[in-house]
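The sequence shown lines up with residues 433 to 842 when you count with our numbering. Accompanying notes for the structure given below.
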Amino acid sequence: MTAAWAVCMVRVLQHRIFVGTDSLISYAHVWYISQRLWHHHWLPMAMPVLDHGAAFAYPYGFLPWTTAAILRPALGDWAVTLMLVVGTAALIVSTFLAFPELRRNWWAAAVLANPALIAGMLLGQLPFVWGAAMLLGAVACWRRGHRNWATLLLALAQTTHVAVIGPIALGLVALQLRREPQRRAPIARYLASLLPAIPAAVIVLRSPVYTDSPVLVRAWGFINTVGPRSLVVVVPLVLLAIAGRHETWAGAASLLAVGALAAAMWGPIGMPWAWRGMDRVPDPAVGAFAASPAFRPGATYRLLTGGDGNVGLYELIQAGGRSDREFFRESALRRSWPSDAAYSAMLRARHVDVVVLWRIYALNHTNEQAVLDHLAAHPPQRCDGRLVCVRLVEATALHRLYSVTSSAAT
């Protein structure tokens with residue numbers, strides 16, 4: 433298992449941009465933060481090139497993204513790839529430091545087969561692997577009696593990814609309190625660790641991807657995100673409980689069980705596509721479009737692509753465009769629209785100037801192209817009414833380009 437992990441890490445490090453399901457958000461935010469840090473000498477709070485001007489530069493990931501931003505002038509995009517692999521390695525090491533009982537034989541192999549570990553790197557979840565590494569580092573310090581270090585690491589972990597690490601940390605603290613004869617001190621330290629995470633939590637709650645989502649979507653997103661990633665601590669804890677009672681056959685059986693769990697989760701969490709990331713080359717299609725005369729720097733784009741891992745969105749903002757969405761999947765609004773008016777209201781609310789619909793996007797089985805074509809074929813008398821004005825500017829074998837006018841004055 434150690435050799436397999438080493439090979440995978442080396443293969444990931446061979447990529448300037450490692451295209452995973454969740455990796456491009458880190459490359460884009462690090463690029464923007466680095467630009468502001470090195471050229472304007474300050475860390476930005478807002479990132480107006482995303483989410484129709486309402487995005488935050490740090491929706492999470494302050495420590496790893498700032499570190500990568502500092503290194504970016506020397507390493508380029510590879511700084512993010514490096515931070516992803518370093519964070520994954522730190523997570524593995526901190527797991528064995530937190531639970532030294534699992535360092536041997538089958539138990540160690542079972543830890544390394546944890547699907548949350550594998551997904552963390554191959555999906556490109558850089559803030560998560562760093563946050564989880566610090567969380568397990570806090571566990572290691574607590575078990576060794578280093579209370580101050582444990583409190584500091586717990587604070588950093590939650591600040592790095594409060595929406596995911598926060599609930600996992602709460603579960604760990606609740607579990608530990610059951611074993612603590614004196615609970616006042618642990619509770620006080622936990623509350624102290626929450627203080628630095630409060631600004632991060634406020635940013636999450638104020639992000640458009642959260643405020644614009646229905647309650648049920650938020651609830652499902654929370655379960656679908658925190659559930660699988662909580663295995664980063666659940667699997668070692670279960671192994672620890674078994675290892676304390678059985679020493680012979682249980683280790684091998686536990687490895688088989690963790691392997692079966694990873695196999696069962698492989699498809700649902702998107703690992704088939706992520707696994708191929710070690711051989712994937714970033715799609716240059718949007719970059720080529722952004723270099724063409726049809727591209728309008730400064731315009732707000734609704735970019736509808738598919739299968740590129742959001743590489744196109746990164747190329748768009750690097751070229752000087754703005755996006756109506758963030759890199760989160762929930763922000764894309766990939767769905768069908770009940771009417772031209774509903775679709776127009778969305779375009780107007782997101783200040784969209786241009787819609788670029790890639791041919792592959794039509795495979796998502798939404799009616800967005802049909803709505804755009806209908807609006808283009810039947811323009812309203814006034815663009816500042818219920819409907820926006822849409823004009824088909826360009827149609828190629830790869831994409832369709834639509835210009836959007838939201839008001840008569842423009």
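C-beta atoms are modelled at their ideal positions from N, C-alpha and C, and glycine is treated no differently.
- Query: Can we say the region 514-531 touches the region 485-504, given the rule of at least three CB pairs closer than 8 Å?
  - Reply: Counting Cβ pairs under 8 Å, three or more are found: they touch.
- Pick out whichever of M477, G719, L623 has its Cα sitting closest to the Cα of I635. Per the Cα distances, M477.
- Query: When the Cβ atoms of the region 447-467 are set against those of the region 544-555, are three or more pairs found closer than 8 Å?
  - Reply: Output reads yes: the region 544-555 touches the region 447-467.
- What is the residue span of the alpha helix (DSSP H) that H806 lies within? Counting along the chain, the unbroken alpha helix (DSSP H) around H806 starts and ends at 800-809.
- In the DSSP assignment, what are the bridge partners of W790? Looking at the DSSP output, W790 sits in a beta bridge with H831.
- Item | Short Cβ contact (8 Å threshold) for G738 with D715 | For G738 and D715, no; Cβs fall outside 8 Å.
- Message: DSSP has R575 in a bridge; who is on the other side?
- Response: As DSSP reads the structure, R575 sits in no beta bridge.
- Query: Could you give the residue range of the alpha helix (DSSP H) that holds Y492?
  - Reply: Per DSSP, Y492 belongs to no alpha helix (DSSP H) and is neither H nor E.
- For the region 524-565, which segments carrying the alpha helix (DSSP H) assignment without a break, of at least 4 residues, lie completely within its bounds, in sequence order? Runs found: 537-544, 547-554.
- Whole runs of the alpha helix (DSSP H) within the region 436-508, excluding any shorter than 4 residues: As far as the region 436-508 is concerned, its whole alpha helix (DSSP H) runs of at least 4 residues are 456-472, 494-507.
- Inside the region 707-770 only - beta strand (DSSP E) runs reaching at least 3 residues: Assignment of beta strand (DSSP E) within the region 707-770, counting only whole runs of 3 or more residues, yields 732-736 in chain order.
- Assuming A808 contacts L830 (C-beta within less than 8 Å), just tell me the rounded distance between them. That belief does not hold up - the Cβ atoms of A808 and L830 are roughly 18 Å apart, past 8 Å.
- Once you ignore the five residues that flank T842 on each side, which residues in its own chain have a CB closer than 8 Å to its CB? Confidence at T842 is low in this model, with a pLDDT of 42, below 50, so its placement is unreliable and no value can be given for it.
- Message: Please state the DSSP three-state secondary structure of V784.
- Response: Residue state, collapsed to three classes: coil.
- Cα-Cα separation between Y733 and Y492, rounded to whole angstroms: Within the model, the alpha-carbon separation for Y733 versus Y492 is close to 24 Å.
- Task: Helix, strand or coil for V647, going by three-state DSSP, please let me know.
- Result: Correct three-state label for V647: helix.
- Could you name the residues that DSSP lists as bridge partners for R823? Residue pairing of R823 in beta bridges, as defined by DSSP: S835.
- alpha helix (DSSP H) segments (min. 4 residues) lying fully within the region 606-644: Counting only runs of 4 or more, we get 616-626, 629-638, 640-643.
- Message: Can you tell me whether R661 is helix, strand or coil according to DSSP?
- Response: For R661, the three-state secondary structure derived from DSSP is helix.
- Could you check what DSSP says for G603 in three-state terms: helix, strand or coil? DSSP, read as helix, strand or coil, puts G603 in helix.
- Query: Are at least three pairs of beta-carbons, each pair with one atom in the region 697-714 and one in the region 563-572, less than 8 Å apart?
  - Reply: By the Cβ criterion, the region 697-714 is not in contact with the region 563-572, since fewer than three pairs of Cβ atoms, one from each stretch, lie closer than 8 Å.
- Message: I'd like to confirm something about V518: is its beta-carbon nearer than 7 Å to some heavy atom of the ligand ZN, or not?
- Response: What this structure holds is no ligand at all, so the ligand ZN is not there to describe.
- Run the CB neighbour count on I619, radius 10 Å, all protein chains shown included, and call it buried at 16 or more, exposed below. I619 should be labelled exposed.
- Which residue comes first and which comes last in the alpha helix (DSSP H) that contains G691? Start and end: 681-698.
- Could you tell me the distance, in whole angstroms, from the CA atom of R767 to the CA atom of N799? Distance between the alpha carbons of R767 and N799: 8 Å.
- Query: Would DSSP call M515 helix, strand or coil?
  - Reply: The answer is helix: DSSP assigns M515 an H, G or I state.
- Message: Check whether the region 460-471 and the region 567-580 touch, using three or more Cβ-Cβ pairs below 8 Å as the test.
- Response: Short answer: they don't touch.
- Item | Three-state secondary structure assigned by DSSP to I701 | In this structure, I701 counts as coil in the three-state DSSP scheme.
- Query: Rounded to a whole number of angstroms, what is the C-alpha to C-alpha distance between L609 and S625?
  - Reply: Distance from the CA atom of L609 to the CA atom of S625, rounded to whole angstroms, is 16 Å.
- Query: What's the C-alpha gap between P640 and D740?
  - Reply: For P640 and D740, the distance between alpha carbons rounds to 23 Å.
- Task: Inspect the CB distances between the region 697-704 and the region 747-754 and report whether three or more fall short of 8 Å.
- Result: Contact annotation: the region 697-704 does not touch the region 747-754, with fewer than three C-beta pairs closer than 8 Å.
- Alpha carbon to alpha carbon, what distance is there between V784 and G719? So the two alpha carbons sit approximately 20 Å from each other.
- Can you tell me whether R536 is buried or exposed, with buried defined as 16 or more other CB within 10 angstroms of its CB? It counts as exposed.
- Message: So, under 8 Å CB-CB, R661 and A548 are touching, yes? Tell me the CB distance rounded to an integer number of Å.
- Response: Yes, they are in contact, since the Cβ atoms of R661 and A548 sit about 5 Å apart, within 8 Å.
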